[in-house]
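Number of protein chains: 2
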Amino acid sequence: MNGLAISSVLFLVLVEKSNARATLNNYNERKTNLIEEETLQSLGGSLRLTEKELLVNEKLMQWKEIEVNNSFYNPQYFNYSKHYFDFKDEMKKSKVYQFIQRMPKGAVLHVHSSLMLGANYLIELTYEDHLYACLTDDNLELRFSHTEPQRPCSVKWTLMSDLRNASEDIAQFDAKLKNYFTLDSDDHIGFHTDINAVWKKFNQVYFTIKSLISYRPVREKAFYQALQNFYNDNVMYIEIRSGLSSLYELNGTVHDKIYMATLYDEVTKLFMKVNPDFVGIKLIMTRARATNVDKVREALDLSRQVKQELPAMFAGFDLVGQEDVGRPLAEFSPVLLEAQDEINYYFHGGETNWYGTPVDENLFDAVLLGTKRIGHAYALIKHPALMTAVAEKDIALEVNVISNSVLSLVQDLRNHPLAIFLARGMPVVLSSDDPGVWGAEPLSDDFYVAFVAIASKHADLRMLKQLAINSIKYSALDDNGKTRLFSIFENKWNAFIDDVIATRL
Amino acid sequence: MNGLAISSVLFLVLVEKSNARATLNNYNERKTNLIEEETLQSLGGSLRLTEKELLVNEKLMQWKEIEVNNSFYNPQYFNYSKHYFDFKDEMKKSKVYQFIQRMPKGAVLHVHSSLMLGANYLIELTYEDHLYACLTDDNLELRFSHTEPQRPCSVKWTLMSDLRNASEDIAQFDAKLKNYFTLDSDDHIGFHTDINAVWKKFNQVYFTIKSLISYRPVREKAFYQALQNFYNDNVMYIEIRSGLSSLYELNGTVHDKIYMATLYDEVTKLFMKVNPDFVGIKLIMTRARATNVDKVREALDLSRQVKQELPAMFAGFDLVGQEDVGRPLAEFSPVLLEAQDEINYYFHGGETNWYGTPVDENLFDAVLLGTKRIGHAYALIKHPALMTAVAEKDIALEVNVISNSVLSLVQDLRNHPLAIFLARGMPVVLSSDDPGVWGAEPLSDDFYVAFVAIASKHADLRMLKQLAINSIKYSALDDNGKTRLFSIFENKWNAFIDDVIATRL
Ligand SMILES: [Zn+2]
Ligand SMILES: [Zn+2]
Numbered sequence: 072m073n074g075l076a077i078s079s080v081l082f083l084v085l086v087e088k089s090n091a092r093a094t095l096n097n098y099n100e101r102k103t104n105l106i107e108e109e110t111l112q113s114l115g116g117s118l119r120l121t122e123k124e125l126l127v128n129e130k131l132m133q134w135k136e137i138e139v140n141n142s143f144y145n146p147q148y149f150n151y152s153k154h155y156f157d158f159k160d161e162m163k164k165s166k167v168y169q170f171i172q173r174m175p176k177g178a179v180l181h182v183h184s185s186l187m188l189g190a191n192y193l194i195e196l197t198y199e200d201h202l203y204a205c206l207t208d209d210n211l212e213l214r215f216s217h218t219e220p221q222r223p224c225s226v227k228w229t230l231m232s233d234l235r236n237a238s239e240d241i242a243q244f245d246a247k248l249k250n251y252f253t254l255d256s257d258d259h260i261g262f263h264t265d266i267n268a269v270w271k272k273f274n275q276v277y278f279t280i281k282s283l284i285s286y287r288p289v290r291e292k293a294f295y296q297a298l299q300n301f302y303n304d305n306v307m308y309i310e311i312r313s314g315l316s317s318l319y320e321l322n323g324t325v326h327d328k329i330y331m332a333t334l335y336d337e338v339t340k341l342f343m344k345v346n347p348d349f350v351g352i353k354l355i356m357t358r359a360r361a362t363n364v365d366k367v368r369e370a371l372d373l374s375r376q377v378k379q380e381l382p383a384m385f386a387g388f389d390l391v392g393q394e395d396v397g398r399p400l401a402e403f404s405p406v407l408l409e410a411q412d413e414i415n416y417y418f419h420g421g422e423t424n425w426y427g428t429p430v431d432e433n434l435f436d437a438v439l440l441g442t443k444r445i446g447h448a449y450a451l452i453k454h455p456a457l458m459t460a461v462a463e464k465d466i467a468l469e470v471n472v473i474s475n476s477v478l479s480l481v482q483d484l485r486n487h488p489l490a491i492f493l494a495r496g497m498p499v500v501l502s503s504d505d506p507g508v509w510g511a512e513p514l515s516d517d518f519y520v521a522f523v524a525i526a527s528k529h530a531d532l533r534m535l536k537q538l539a540i541n542s543i544k545y546s547a548l549d550d551n552g553k554t555r556l557f558s559i560f561e562n563k564w565n566a567f568i569d570d571v572i573a574t575r576l
Numbered sequence: 072m073n074g075l076a077i078s079s080v081l082f083l084v085l086v087e088k089s090n091a092r093a094t095l096n097n098y099n100e101r102k103t104n105l106i107e108e109e110t111l112q113s114l115g116g117s118l119r120l121t122e123k124e125l126l127v128n129e130k131l132m133q134w135k136e137i138e139v140n141n142s143f144y145n146p147q148y149f150n151y152s153k154h155y156f157d158f159k160d161e162m163k164k165s166k167v168y169q170f171i172q173r174m175p176k177g178a179v180l181h182v183h184s185s186l187m188l189g190a191n192y193l194i195e196l197t198y199e200d201h202l203y204a205c206l207t208d209d210n211l212e213l214r215f216s217h218t219e220p221q222r223p224c225s226v227k228w229t230l231m232s233d234l235r236n237a238s239e240d241i242a243q244f245d246a247k248l249k250n251y252f253t254l255d256s257d258d259h260i261g262f263h264t265d266i267n268a269v270w271k272k273f274n275q276v277y278f279t280i281k282s283l284i285s286y287r288p289v290r291e292k293a294f295y296q297a298l299q300n301f302y303n304d305n306v307m308y309i310e311i312r313s314g315l316s317s318l319y320e321l322n323g324t325v326h327d328k329i330y331m332a333t334l335y336d337e338v339t340k341l342f343m344k345v346n347p348d349f350v351g352i353k354l355i356m357t358r359a360r361a362t363n364v365d366k367v368r369e370a371l372d373l374s375r376q377v378k379q380e381l382p383a384m385f386a387g388f389d390l391v392g393q394e395d396v397g398r399p400l401a402e403f404s405p406v407l408l409e410a411q412d413e414i415n416y417y418f419h420g421g422e423t424n425w426y427g428t429p430v431d432e433n434l435f436d437a438v439l440l441g442t443k444r445i446g447h448a449y450a451l452i453k454h455p456a457l458m459t460a461v462a463e464k465d466i467a468l469e470v471n472v473i474s475n476s477v478l479s480l481v482q483d484l485r486n487h488p489l490a491i492f493l494a495r496g497m498p499v500v501l502s503s504d505d506p507g508v509w510g511a512e513p514l515s516d517d518f519y520v521a522f523v524a525i526a527s528k529h530a531d532l533r534m535l536k537q538l539a540i541n542s543i544k545y546s547a548l549d550d551n552g553k554t555r556l557f558s559i560f561e562n563k564w565n566a567f568i569d570d571v572i573a574t575r576l
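So the sequences go chain by chain: A and B.
Going by this note's numbering, the first residue of the first sequence is number 72, and it counts up by one from there.
Going by this note's numbering, the first residue of the second sequence is number 72, and it counts up by one from there.
What follows is the structure in structure tokens.
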């Protein structure tokens, strides 16, 4: 073999190697581009961060990396396939959690007014004077009264103070009492057996709480405290859902329903005097969906009245309660169609796993009735044509991940459709539904679970900031209100970033 | 008020009513159209059924309606949030189940050859002569041998027949033995705590089964029986995944790996002589993904050899084992890129809940390496850009719903991403992965769960037929093979439809 032949063999080998390298480079580039394309499409993915934000983000992502890897390598320690009740306390030790708690989160757009407060505070309220209890093993009804209440009770109406004093151990009595005010317990009712079982308990808790806070002075205290808790969790504005019920006084006076709207308004104004950077509330009027057309028509009339008397506070109308056992939206669509020019809708929809049933198809009615946002929209992911329409109409999805887990729609949080909504850059706002009932913080728990357990491991500060921005953008505030809220948010956000840097993260 | 005024008021009322009616009609039409658009997009949704098929479909949908409603109204009785082990027996009483079992289902494209058989049959095989056992509380290793095996054992190698005869109650002995061959038990290992726990048990079961069927005569029997079971479940063609291991004889002879490919080929030919309407098998060679580049290169060399020696049987190559703990595909991509012109890939990908991790991103590598299909693709739904690419390239998704549930990816089956793949008309084939390990029927259980629990309530015979058609369309058969399989399928299908009608459904 002569020199020329050797060198041409060598040349061919080199060409082959360099081709292989080029192929591999090209391969890696295509992979990077595809992943980058998905990042840009994801919620917040195209947001530009400032130098300072980038600095904070770097640290945040270091913490997130450690936490996700900890779960990945030690699933026995803390992983998202467990029930929320099994990791909620441990979660709070996390640096990412503490970061999120400090972070200004904008608005909460989906929360039920009676269920904003945790059991511990509600137990405190049972120390108020004149409180009678009708207490059985299954159920607790409460009533403030000077004398024994004239309401049916399967046992005997007894003063709470008497019950408490008769108990051997008050701490133990209160601990037992707490079970009537919360779903949070060691047994995870209905988690993988029967969604109706957990809803039954949920409705019992709701009944007990409502009986406690239907007394006007207690409702005032409770609502002020609720605002305080949300504010402390760095929420600046809230849209509450409420059915407006009749509050009563100790002297027997019963207020009309609209009185409660006024109460919300006045308590909020008081709160804003003390906390001028809290922007306020709006009201979405609700009615149980397990009702009939006449009741819905009535509720719409009441909505019109509230809109007229408290136009600044009124946002719109919704139907609530366990969707599976309620009546399909389609039954009410003639009445709802009639009112759609006067009243904005914020319908719950698709809070179900029963694909292809009339319940599931509430989503179609919600969209066709012109809903401004959709509560939950859990099942939307199974409806591609509708999902395209929702994206085009820019209808926001009010996602409440912990609610969906506790109320048995999903067990492993990583299977929550929010992951897909985020990936597709759908107009998502995060909220907490009934945080008091499962003992969650007003918004931080939902933000943390969404960010660390559900979103991509790559999701970063841009997603968190976009979620806060979305909560303003998709609120029922008018343009002036949004501008004001956004400017307060921006100041708080910048101060937060500075503070995180100043305290050396 | 004069007559004219009254009639014009009446006229206005009538106009208003007729406007309202028109609005409502328009509303209902838009809803129907949107739902119809989604039906057409869904898998099988645009298939046209014959008169006879429509007749059968009507009956099928009556049964399905009853079964879904039964679960909807009585979730305590049988619902899909329960573990598969808790409803698998009850499921078999269902009329829809029995219909699906009789139905020709085409091909199985994703099954691991050693795990096709249930524990009951494997227990029968332990009655073979010369079988020694190394039996501890945790583990069972088996070995056929004339004399005590010369392999390490923490206790003592003992003849299975001696162990069995020494037991007081043989039925009880076998019942206990069965636990080494199956995951199916009352405790649902790792279901909501730790995916690694269930995989650990899975790997133990695999180890025990493999030790039983590494003996050549037993492997022959076992594989023949596996084909028989699949055939009995109305499967006409199978693509098996196998790592090709070394079988041994009683006299100590150890065969090379390629011998096993020949064995599969010969057993199948024998089976086809007895059952001429069974179309055959193809082989996807596998290697554990918890390995290194050299081992993968070795396995690719073996694949080339099998391809050359048994070209009709060879389909391609894949990497297997728990994806979370294996090495990312990216580590092997240089080697896999080199071989991609010679060897077709059928990669497992996205069998994970760890969104945004390197494991999750195996999906990108699989697609960029030109995979013909994707095994599981569970996480694909979280990757919109990749999903578009997969749809455009018409890469089939091999979905194994019961596997994903038992191996802890999803608890409530209604949250399985298959629902969304079906809704979007993605190229799905249904398969069963390792049906023997959880005691499932070869294909009927997966079909039933997909059809009744996961797909829309509206999904009907068109979806079932399209799934069978897809299993042929996306097989590794060449065009002639597909044509032949499809013509056999069509005959069987028409005979099935006639039979269902003749037996008065
Ligand atoms: Zn709600
Ligand atoms: Zn597999």
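Yeah, the Cβ is synthetic: ideal placement off N, Cα and C, and Gly gets one too.
Distance cut-off 7 Å: residue i Cβ against heavy atoms of ligand 1
i        : result
Leu397/B : Residue identity differs from the one stated: residue 397/B is Gly in this sequence, not Leu. Not under cutoff, so the answer is no.
Cys314/A : In the sequence under discussion, the amino acid at residue 314/A is Gly, which differs from the Cys named in the question. No, Cβ of Gly314/A sits at least 7 Å from all heavy atoms of ligand 1.
Asp504/A : yes
Val472/A : no
His183/A : yes
His419/A : yes
Cross-strand partners of residue i (DSSP beta bridge)
i        : result
Gly446/B : His419/B and Glu469/B
Asp504/A : Val182/A
Ala204/A : Leu213/A and Thr229/A
Asp365/A : Per DSSP, none; premise fails for Asp365/A.
Val325/A : Tyr319/A
Boundaries of the beta strand (DSSP E) in which residue i is found, first to last residue
i        : result
Ser313/B : Tyr308 to Ser313
Ile357/B : Sequence inspection shows Thr at residue 357/B; the Ile mentioned does not correspond to that position. Run containing Thr357/B: Gly351 to Ala359, per the beta strand (DSSP E) assignment.
Arg214/B : Leu211 to Phe215
Phe388/B : Phe385 to Val391
Near ligand 2: residue i beta-carbon under 7 Å from a heavy atom
i        : result
Val127/B : no
Gly446/B : yes
Val139/A : no
Val391/A : no
His641/B : This structure cannot speak to residue 641/B, because chain B is shown only from 72 to 576.
Span of the alpha helix (DSSP H) around residue i
i        : result
Arg287/A : Arg287 to Asn303
Asn424/B : That residue, Asn424/B, is in no alpha helix (DSSP H); it is neither H nor E in DSSP.
Spatial distance of residue i from residue j (CA atoms)
i        : j        : result
Cys224/A : Phe215/A : 14 Å
Ser515/A : Phe278/A : 26 Å
Tyr302/B : Tyr295/B : 11 Å
Val571/B : Glu122/B : 13 Å
Ser503/A : Lys536/A : 18 Å
Asn486/B : Ser404/A : 29 Å
Glu239/A : Met231/A : 14 Å
Asn541/A : Ala383/A : 21 Å
Val396/B : Thr253/B : 22 Å
His454/B : Gln482/B : 21 Å
Met72/B  : Leu81/B  : For Met72/B, the pLDDT reaches just 45, beneath the cut-off of 50, and the residue's location in the model is therefore unreliable, although a value from the coordinates is still provided. For Met72/B and Leu81/B, the distance between alpha carbons rounds to 13 Å.
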